[in-house]
Each structure stands twice: as C-alpha cells, then as structure tokens.
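S.K.: First the structure, which I've put down as structure tokens, then a few questions once you've had a look.
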Amino acid sequence: MSVNQQAHAGPPYGQPQPGYQGYQQPAYGGQPLPGVPHSQYGAYNGPMPGYQQPVPPQGYFPSLGFPSKGSPVSLNSDTSLAPNFIGSLRAPPTSGAPTPASGASLPSGHLAYSQFGQGDVQNGIPTSAAPMQRPPASQPFLPGSAPSPVSQASAFQQYGPPAAGVQQLSNHMAGMTIGSAAAAAPPPAGLGYGTPTSVPPVSGSFSAAGSGLYTPYTASQGPPPSVTQGLPLAQSPFPGQPMPAQRLPAPVPGFPPPPSSAGLGPSSYPPTTVAPRPPAMPGPPAAGPPAAQPNHVSSPPPPSAMAGPPPGPPMSGLHGPPPPTHPPQPGYQMQQNGSFGQVRGPQPNYGGGYPGTPHYGTQPGPPPPPKRLDPDSIPSPIQVIEDDRSNRGSEPFVTGVRGQVPPLVTTNFLVKDQGNASPRYIRCTSYNVPCTSDMAKQSQVPLAAVIKPLAALPPEETLPYLVDHGESGPVRCNRCKAYMCPFMQFIEGGRRFQCCFCSCVTEVPPHYFQHLDHTGKRVDFYDRPELSLGSYEFLATVDYCKNNKFPSPPAFIFMIDVSYNAVKSGLVRLVCEELKSLLDYLPREGNMEESAIRVGFVTYNKVLHFYNVKSSLAQPQMMVVSDVADMFVPLLDGFLVNVNESRTVIASLLDQIPEMFADTRETETVFAPVIQAGLEALKAAECAGKLFIFHTSLPIAEAPGKLKNRDDKKLISTDKEKTLFQPQTSFYNNLAKDCVAQGCCVDLFLFPNQYLDVATLGVVTYQTGGSIYKYAYFQLETDQDRFLNDLRRDVQKEVGFDAVMRVRTSTGIRATDFFGAFYMSNTTDVEMAGLDCDKTITVEFKHDDKLSEDSGALLQCALLYTSCAGQRRLRIHNLSLNCCTQLADLYRNCETDTLINYLAKYAYRGVLSSPVKAVRDALISQCAQILACYRKNCASPSSAGQLILPECMKLLPVYLNCVLKSDVLQPGPEVTTDDRAYIRQLVTSMDVAETNVFFYPRLLPLTKADVDSDSLPAAIRNSEERLSKGDIYLLENGLNIFLWVGVNVQQGLIQNLFGVSSFSQISNTLSTLPVLENPFSKKVRSIISMLQMQRSRYMKLIIVKQEDKLEMLFKHFLVEDKSLSGGASYVDFLCHMHKEIRQLLS
C-alpha cells in the first residue's frame, strides 16, 4: 500500500510571529526544551487544520518541505502506475550517485525556512512585558482591576485550512508498500543526535504533498535499509492462530528480497550494534509478588508479539512525489516515473535499477513474500506532537475568537482568556458543530466536551476572578437561568439583556445597570470578569445553600484498617507516621493562616474504634463500636477537631495506634460500616467532607455490604464477562446515594494481596467523585514512595465539596449524556460529594434543532460548590463554537486526543452492559464510518485502493488501536479482574492529557539526552524495533515509569547510572535510582522527577533489563506492536481500518 498526499488547496497561513524571548521551548507537559534539535523524524503532514499557525514566507507552501514558487499541484496524476498503486516504490539504487552534503545549499531563490530555529521557538510572552503576577488565590475582583484586553494578533484570523490536507495510503496488492519520495532540502549540519539520520522537521511540514525527507547517509554508516520485509498481511500472525478472513489480492512476484536492517529506529546505528532480536520468553512469569509492581498490573504480562518489519531509515511520513514545479534538489536525481527519490549506493540483495518504469511482476526470480507497509511511512504520533509544539508552542493561545482549535495537550502553551474558557478547563471533540442532526449522523463524529471545572493552572496564568454581587447574587436569565456571560446581548440602552442561550429578554437589575458605548458594549465591559472573560467565579448567596443556611467548613476523616495484613506489612505504622506531618498541609484558602478543615480518626478490623482527640484531654480516648449492623457515632464532641488546637493529643494517638494493634491476629475486615460511620459523623457535624480509607482485603466479616470472592477468569470472552465490572450487590449504590446527599466524598487506598473486588468496593468512591489508589502486593521498600506521594497530593489538592454541575447550551443542541465519577438523580444535574482539580466530566451533545452558521453554538458549564474554607461559590466556564453546513469544515476542526478520550470512556461504560467483543466492534465501526464519510464527501476523487485520512484525524487509527488493546477491552492472561475494574474507573475521570499518555505512552531514549540542557530527548515511537540494545530508554504512561536497559549498554553508562560495574549486577528491584554525582545520573534523575511532578499520580519507577522476565510487562506498553493478548499492530490495524472503510464505500 503506498502512501501519497494530496496537495493543500487552501490559502497560506498567517505571518510568521517572532519567537518570544525569555520563555523556554515547550515540551510535554510543562518542562522546557531549550536545546532540542527539532526531532529525529522527518517533517509531518502539514499543519493541523483549524490550528492557527505562523505564516510561512511568501512562496512557501505547506505541501513542500522547502519554499517554492507556484502553487502545489495534486499528486494523483502519475499515470505510469497501476490504479491500485499510487506512489513510487523506493528508488532503485544506482551506484555512485551523489549524496547531498549535510550542508548543501538550496537553489537560489529558495529561502531556508527557519523562523522556528531552536532559539526562536519559545513559550510565553516577551520579557519586555511585565511578568504576570499570580494572585494568591481566587481573589475578590475589584472593579478596574480586570486585565486589559490584548489586541488580537493577526495570527488569530480564522484561515480555513485546506480541506485536502490528507493522507492517502493505497492498497498495493496483498501487502502495503511505500514509495520513497523526494526529500526536501537537506537538513542543516549539526542538527539531530548521533548519526546524521536525525531529520529536523522543516517547520510546519509533514508535507501535505508528501515530500519524503530522506537523510543523507555517510559512507561510514553503510547503505540504508531498503523497503523492509515483514509478515505478509494475509498470513496468520502466529502459527496456529486463526487469522480473520481478509480478502486481499495475490502477492506480486518479482521483488528481490530487501537487505537486512542496518540499525534501529530513527537514529540508525551502524550494524555492529544491532544483534538479532531475542525470542519472546515463553510461559508465564515467576509466581509470587513481583518486586516491581506497576500501578495496576498484578504480575508482568507477556511480551508484545514481535511484529513489524525490521527498521528502516527515518522517513518523513507519507510519501508521494512532490509537485514537479521546480528542479530537483542537489543530491537528488529525477527518477523515471517522475518522482524524486534519494539515490543511494549499491545495496546487498537488491537488484540493479529498474529499466524505465518498473514492470511489476515481470522480472525473473522467485516470488518473495509480499511487501508490508513501512511503519515509517504511516502517520506518526511523535511527529504530529513535535510539529504542534514547534508551530504552536511559542505563541500564547488567545481565546477571543469563536471556534478556535487549541494547541494539542502535549504542547506547552500559555492561555490568555479573552471571553472563552481556557482549553485547560474545556476541550471539545470538534470546534465546528454540524448545523443539522442529519449532518452529525452522517459524519458519526461525536460532539462532546471534556470539562475539568477546577483544573490547576500554571503559575503564569491568572486564577478565575471571584465576583461578589452582594445579597442579590449573580445576574441570570429569567427563563433558562443561564449566568451573565460575555455572549449576552444588552439592548434598549442597557436596560435589558437578551439571553444568548434561549433568546429570552430579561430586565437588568438597577444595581447592575450601565450605559452602552457606540458599539453596543457596556462601558464597564473590561471591569467585569463576567462580561469579558470565559471563566470566573461568583460568590453564592444563601439561596444556593442546602437548607438555606451557609455551610460549615468541611472535615477530613482518616479511617485505617488495622487487620493482620495491614499491621504486618508496615502499612499502619507508615500511615500514622506520615499523618503527623501531613496534617499541617491541609488545603486552605489563599491568604488564610491555617486550614479551616477539621479532622477525625477511626481504626477498624471486624469492629470500629473511634477516637476522642479533644484538645483538653491529656491522652486520646478510644471508643469501640462492635454492633456493625447498626452503625452510629459514639461521640460528637472531640471527634472532629482543629489540628492546631489538638496537636499533642493527635500526635499521641498516632504514636499509640501501631503499638495497640502490633500483636493483632484479626484477619477479617468490614467495609460498608466504615463508610457509614464516616457518613454519620459528617451528618452529626452538619458539614461536608472526605473519608480517606486505607483498606487491605475483601470484606468477608459478617456485616452489611459483606462480599464473597466471585473472581472468575473463565467468564472472559463470554456474555457474562460484564458481570466482572458490575458491583456484586446494590448495597453500595444505595450507600453512595446517601453519601452524595450529605457531601461525603470517599477516597480509597487499596493494598490487596489477592482479589478484593474493586468493581464493588469502588462504587461509593466512584459515585461520590472520589479517587481510588491501588498498590498490589504492597511492600514498604518498593512502594512506600509512591503511596506517600499519592497520599500527600490527595490530601493537599484543591477540592470542592457538595458540588452540582449543570451544562447549558444555546438552542439547537443539548447535553444528553455524561461520563465521569459522579451521581445523577435527574437528567441534567451532575452531583458530586467532592470534585478535585484532577477530575473531568465528559458531556455529549445531541441536536434538538437546527443551528445557524452566524450565531454558532454556546456552552456554559456552571459548578456550584463549597470551597475548603466553607464558602459557597459558583464557577462558570463559557465556550463558543462555530457551526458548519459543510462536512469539510467539521473534519478540519476536530481534535483527535479529545475524541479518543470520549470514545474510551464510552467504551469503558459499554462493558458494564454489553459483551466486550460487541463494544470493540462498535468502536471500530464508528471510526470506520467517520473516516469513510470523510473519504466520500471531502476527499478529492481517487482510486478506491487509497486510504485517505483527514489531517486532524490522521492519528485516529493508531490511538483507537491502543484503546482496543487496553487491559479493559483486551486483557492478557496476566491482567487481574481487579486491575481491569481499577483501570476502567481511572480512565472514566481522566482528562485529555492523561488519556493521551495512558493509551500511547511516551518513550524517551535517555542515552540521547543532552546532560547540559534542561530539555528532554526527542521521543520515539512505541515499537520494539525502535529500541537499540546499546541504549537505555524511559517509558511513561501516567501510572508507571519503566527504565529499559539494553544488554549492550556501555559499561560506563551503567556505572554512572546504577553505580554497579556490569549489566548483570543491575538490580531490578530498585524503586529509585542511586544518587550519584555525575552529569548522566543527575540528568536522568531530573527527567524522572520532572515527569513524576507532572502527573496527577506518582509514577512508580520499574527497572527492566533486556531479556529479563519484567520485559514482558514493558513490551505490553509498546503499543505499535502486536500484543500477546491478540491486539493488532498499528500497521495491521491500519490495513484492517482501510478494509472496513472500503466495505462501507462499496
């Protein structure tokens, strides 16, 4: 299958903006990347449609990697090829062809396009501007103190990016073959790590016309590998494994076999460093608690199948001949079929040049296996991420324009609120909504928003202003009750306003009246956050409070399992020690001296122990409640106390608890009565709050909510598999409902050594908006860091209590479906006992009327909550979207990361009621329909053998495949039932950045790290063939960090990093790296700690030595390869999607 690109047929993009000085180049979630050479990959497929981009200089077209005069042309006119095969094969080698010097100059008139040289592309605002001061908290808003508007930069004009920036993959007989295509201007010398195979992207171009960036090879490197060979598509991935019937044409004879690979991955090393790949270890891993346990996997999974061709040289992605509107570049020779290709030296096992246009199938010689699609030629997530960073990371994202697609979540950028909520609060699957429901049904693109109402902001962005309207409260529409926002229209000289959501006209209250200027804007427009900003807060009046009285400050109750397992593992002592210091860090309002939160303590096994820690006592008092069937709280006064007042009594209690239960023999525990006790205590204190429960085993003691072990692996792949995800009793659903009514949020820390029934125990946590943390086979020495860091962050993070969220929309669409950790007692209100800064609520919208292109579509998310100081507040986020009557406009303004976040949550909810296979099939079918609709209605006509992907969605297949292969939808034999239930609950409230790295982990080559800079090494693709035995790699997925060490790593590196002299001496039980005083050790440790800081959970470090049993677990995360549980490789899945799309089109 060959890949081509259609030329862009749209206007060029806005003028290049000078880089802002003084701010670092963005990297993945906050760390600067100053000196990174632009990526080892070739340039990618054109700008993201809908994304604002600096405009290339005149004469530059995104379809080319270099400037050119004249407009791009379509590339489907190559008549020399069979209709099924668009694009040339890789160039036939000719000996003695000139190789471009790395510094080869461009022909005159071709500007070297380097506005985004490393020095320029930096993040933030110019140093000349005063640094933005972050107010200490949501500060009261004083009139006149609102930020003055930033004048719109020209970069924010809405250029409609071209519809045809697409990728085309043609089905080439039985396999898929990629034609090599011409390179753009040779890369400048000195860029890239190691060998000159590293290709810096030409800014803004994985070129839409497919200019394949081939790098020059020096003599010392040997010839580059040619078209790589791999499994024929029609052949079963494993002997003895049935292959789904794929009707593919017969293989083409006549291609001589390609040479063996000369190196791995984008930084091809000389062949000497590459040994044959070791076979996968058969059999399950050793039993017993593995020393290094990832967050959710209870024992190492098997390796991913070693599918995939041997590596080829890095290529820029999808190749097709660039438009022949200019002379070939130096070092590249025109080929017979009109395409460019780098001419390379003679290659072993490769016949001479083809005479004229190749006559496929007519050459003599035995027919080798059919070609496979070259993994380097299909859309690369790494390339798209790198490109977005270089194109969009340097400019602030100004939210003043309707329907702007924000930079990707992997880009580090600054947001300036000018009337629409920051993408940190709301991201949408599409920023251009179809005008009619028919159009939405036709495209099958779900319309959804992922909302994170209390998201944390970086220090240089301003927290939402707090507006106090006094006793009258916020100004609202009379009919739909929407809150005052920038889209309301003032009329009749400012005496009334027309609602932008329901069009109802409402009188302006006298105290709120203000005159209008000549444009119809109120003259106090910039003084009022609710008129000029997308996000802000109102102080709520007593009408917004329960029982019409202001709330009391919330309480935290710590409930510690003191059964035999908990004491023996050292957990009880660890928790008590940590709480002594942690209680000084309870959340507080910005300028408060101390936290208003009160605390209480309970321990339990088969009975519950309450503690009186009143400040007037010399020693804490314990009260035991053994009647767990009818739970009550035996004391009111002295149970919930102020930390500072009762400090000595609390310290004494925390010292005594581990001693009191040191010799316990009690192994059974209760669970539901523990939650009931916390709930009753909060009811008695008339406040909301949070329970922190530390629990170790299945609650089998006689008590309400008692559970039995129902774990049954035999149910997997049957119609009853869904029962594994459902709670085994409705008791906990009812308990959750009571907790939500009181504002009692439950956070659960689980330390299981065997089945615990997370699906049931997690129900209350899930429905109250709480968090679950799971530490399987907890061991102090390896898991202590992760647990303590999680606990600290969980106790300290911003959280709102007793929260209710409603999403209002303008006429034409309405919110119909909700995903996340919450409870709903009606169809519109999302209720959460607690909502923290990490939780998202995903909302799906459906049409109930027509929309108009002129007025667009509006969303308003209103969250009513109690702050940690006991203040009742409303947080409002507004977002305006465009509407379209053309499908091309919809496909140009989608965001794949958000789409995948929604699809994963939709699928993970589906497993509760449908067989897993049906859920998987529905996902594939929906995505095939999305892409087929694009192919049929938006792409220019071309042969049915081509796969054409929308520019914004070219990563949809690779990301979707990752979701399909995830442990919830396709578990390997080693994934426990609890792991699956745990992951299912985690993902349901993840934000877009978390699902992005969870489904497609980040893989960094540490040996390429520049020890002198703060930057990260450029990431590489998640495939085993990208790994070199001589390197060390780091892989993170938001829950774990793996450090993979190749068997041939230099002894010096091992000594520098691990402090031992050889590979065999490296211990894989380390959970932290030794602190060694050398640059490499410092660099790697700083990268790890930086990544751990970025994620909402502390990622455990797991050392994986190549060919060690833990390598199976590591390979599970190399998501572009086949997985042992039967998941397809990226290449195979792309072929499968192509087949599905062709069936829909025919």
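At the far end of the sequence shown sits residue 1190, using our numbering, and the numbering has no gaps. Virtual Cβ for every residue (Gly too), placed ideally from N, Cα, C. If you're wondering where the values come from, they're calculated on a predicted model, not measured in any experiment.
#1: DSSP on G564, reduced to helix/strand/coil?
#2: So does the stretch 863–870 actually touch the stretch 801–815, counting three or more Cβ pairs closer than 8 Å?
#3: Classify R919 as helix, strand or coil using the three-state DSSP reduction.
#4: Going by DSSP, which residues form a beta bridge with D861?
#5: Tell me the DSSP bridge mates of V668?
#6: DSSP beta-bridge partners for T647?
#7: What whole-angstrom Cβ distance do L794 and T1021 have, given they're in contact under 8 Å?
#8: With a threshold of 7 Å (Cβ to nearest heavy atom), would Y1044 be considered close to the ligand MG?
#9: Helix, strand or coil: how does DSSP classify P70 here?
#10: In the structure shown, what three-state DSSP assignment does D791 receive?
#11: Between which two residues does the beta strand (DSSP E) harbouring E875 extend?
#12: Measuring straight from C-alpha to C-alpha, what distance separates E1018 and E638?
#13: Of all the options L491, G914, R837, Q990, which has the alpha carbon lying nearest to the alpha carbon of M1137?
#14: Quick one: Cα of T940 to Cα of Y580, how far?
#15: Apart from the five residues on each side of it in sequence, which residues of its chain come closer than 7 Å, Cβ to Cβ, to D763?
#16: Considering only C-alpha positions, which residue in the set N1100, D933, R964 is nearest to V449?
#17: Identify the continuous beta strand (DSSP E) that holds E1018 and give its terminal residues.
#18: Taking the C-alpha atoms as reference points, what is the distance between S1173 and D432?
#19: Among all the DSSP beta bridges, which residues are the ones paired with V1148?
#20: When the Cα atoms are used, what is the spatial distance from Y950 to L903?
#21: Terminal residues of the continuous beta strand (DSSP E) containing K1153?
#22: Which same chain residues end up closer than 7 Å to N981 when comparing Cβ atoms and leaving out the 5 residues on each side of it in sequence?
#23: Checking the sheet assignment: what are the DSSP bridge partners for F738?
#24: Three Cβ pairs or more, each shorter than 8 Å: is that satisfied between the stretch 624–637 and the stretch 727–745?
#25: Hey, Q1029 and I760 are a contact pair by Cβ (cut 8 Å); roughly how many whole angstroms apart?
#26: Going by DSSP in three states, C971 sits in which element: helix, strand or coil?
#27: Confirm, please, whether the CB-CB distance from S670 to G578 is below 8 Å.
#28: Is there contact between the stretch 647–657 and the stretch 605–622, where contact requires at least three CB pairs shorter than 8 Å?
#29: Could you tell me the alpha carbon to alpha carbon distance between H653 and Y819, rounded to whole angstroms?
#30: Could you tell me if F676 is buried or exposed, where buried requires 16 or more neighbouring beta carbons within 10 angstroms of its beta carbon?
#31: Rounded to the nearest angstrom, what separates E1184 and A972 at their Cα positions?
#32: Classify R709 as buried or exposed, calling it buried when 16 or more other Cβ atoms lie within 10 Å of its own Cβ.
#33: Excluding the five sequence neighbours on either side, which residues of its own chain have a C-beta within less than 7 Å of the C-beta of R850, listed in chain order?
#34: Taking the beta carbon of H1182 as the centre, do at least 16 other beta carbons fall within 10 Å, making it buried, or is it exposed?
#35: What did DSSP end up calling K485 once you bin it into helix, strand or coil?
#36: Near V494, what residues of its chain come up, given a Cβ to Cβ distance below 6 Å and the 5 sequence neighbours on each side ignored?
M.R.: By the coordinates alone:
#1: Taking the sequence shown and counting its residues from 1, the one referred to as residue 564 is at position 520. It is coil, neither helix nor strand.
#2: Taking 8 Å as the limit for Cβ pairs, the verdict is that the stretch 801–815 does touch the stretch 863–870.
#3: Looking up residue 919 in the sequence shown gives position 875. Looking at R919 - three-state DSSP - the assignment turns out to be strand.
#4: In the sequence shown, counting from the first residue as 1, residue 861 sits at position 817. DSSP output for D861 lists E888 as bridge partner(s).
#5: Your numbering for residue 668 matches position 624 in the sequence shown. Per DSSP, H653.
#6: Your numbering for residue 647 matches position 603 in the sequence shown. Per DSSP, I604, H653.
#7: Looking up residue 794 in the sequence shown gives position 750. Looking up residue 1021 in the sequence shown gives position 977. L794 to T1021, Cβ: 14 Å. No contact.
#8: You won't find the ligand MG in this model; it holds no ligand whatsoever.
#9: For the purposes of this step, residue 70 is taken as the residue at position 26 of the sequence shown. No answer about P70 holds up, because its pLDDT of 39 lies below 50 and its placement is not dependable.
#10: Position 747 of the sequence shown holds residue 791. In the three-state reduction of the DSSP assignment, D791 falls in the strand class.
#11: Counting from one through the sequence shown, the residue named residue 875 turns up at place 831. Here the beta strand (DSSP E) through E875 covers 874–880.
#12: Here residue 1018 is taken as the residue at index 974 of the sequence shown, counted from 1. Here residue 638 is taken as the residue at index 594 of the sequence shown, counted from 1. E638 has its alpha-carbon roughly 47 Å from the corresponding atom of E1018.
#13: Here residue 1137 is taken as the residue at index 1093 of the sequence shown, counted from 1. With distances taken between Cα atoms, M1137 lies closest to R837.
#14: Here the question's residue 940 lines up with position 896 in the sequence shown. Here the question's residue 580 lines up with position 536 in the sequence shown. When rounded, the distance between both Cα atoms is 28 Å.
#15: Sequence index remark: in the sequence shown, residue 763 carries index 719 (1-based). A distance below 7 Å between beta-carbons, with the five flanking residues on each side excluded, links D763 to the following residues of its chain, in chain order: P959.
#16: Within the sequence shown, numbered from 1, the residue matching residue 449 stands at position 405. It is D933.
#17: On the sequence shown, position 974 is the one that residue 1018 refers to. If you look at E1018, you'll find it isn't in any beta strand (DSSP E); DSSP assigns it neither H nor E.
#18: Reading the sequence shown from its first residue, position 1129 is the one you call residue 1173. Reading the sequence shown from its first residue, position 388 is the one you call residue 432. When the Cα atoms are used, S1173 and D432 turn out to be separated by approximately 25 Å.
#19: Position 1104 of the sequence shown, counted from the start, is the residue given in the question as residue 1148. Residue pairing for V1148: DSSP places it in a beta bridge opposite W1088.
#20: To locate residue 950, count along the sequence shown from 1; it is residue 906. To locate residue 903, count along the sequence shown from 1; it is residue 859. Cα to Cα, the separation comes out at about 21 Å.
#21: Here residue 1153 is taken as the residue at index 1109 of the sequence shown, counted from 1. Annotation for K1153: no beta strand (DSSP E) segment contains it, and DSSP assigns it neither H nor E.
#22: Taking the first residue of the sequence shown as position 1, residue 981 is located at position 937. In the same chain as N981, and ignoring 5 residues on each side of it, the C-beta atoms closer than 7 Å to its own belong to L931, in chain order.
#23: The residue you call residue 738 lines up with position 694 of the sequence shown. Beta-bridge pairing links F738 to I604, F793.
#24: Taking 8 Å as the limit for Cβ pairs, the verdict is that the stretch 727–745 does not touch the stretch 624–637.
#25: What you label residue 1029 is simply residue 985 of the sequence shown in a count that begins at 1. What you label residue 760 is simply residue 716 of the sequence shown in a count that begins at 1. With 8 Å as the limit, Q1029 and I760 do not qualify as a contact, their Cβ atoms being about 19 Å apart.
#26: Position 927 of the sequence shown, counted from the start, is the residue given in the question as residue 971. Look at C971 here: in three-state DSSP terms it is helix.
#27: Here residue 578 is taken as the residue at index 534 of the sequence shown, counted from 1. Here residue 670 is taken as the residue at index 626 of the sequence shown, counted from 1. Not a contact, by the Cβ cut-off of 8 Å.
#28: Yes: the two stretches touch, three or more of their Cβ pairs being nearer than 8 Å.
#29: Working through the sequence shown from its first residue, we reach residue 653 at position 609. Working through the sequence shown from its first residue, we reach residue 819 at position 775. Rounded to whole angstroms, the separation of the alpha carbons of Y819 and H653 is 25 Å.
#30: One-based indexing of the sequence shown puts residue 676 at position 632. Its Cβ having fewer than 16 others within 10 Å, F676 is exposed.
#31: Taking the sequence shown and counting its residues from 1, one reaches residue 1184 at position 1140. Taking the sequence shown and counting its residues from 1, one reaches residue 972 at position 928. Their backbone Cα atoms lie some 6 Å apart in a straight line.
#32: Stepping through the sequence shown from its first residue, residue 709 is reached at position 665. Exposed is the call here.
#33: As a position in the sequence shown, residue 850 is number 806, starting the count at 1. Once the five neighbours on either side are set aside, the close Cβ partners of R850 are T872, D873, A906.
#34: Here residue 1182 is taken as the residue at index 1138 of the sequence shown, counted from 1. With 16 or more other Cβ atoms within 10 Å, it is buried.
#35: Residue 485 sits at position 441 when you count from the first residue of the sequence shown. Correct three-state label for K485: helix.
#36: Position 450 of the sequence shown, counting from 1, holds the residue named residue 494. Within the same chain, R471, T884, T886, T942, N945, V1036 come within 6 Å of V494 by CB-CB distance, once the 5 residues on both sides are set aside.
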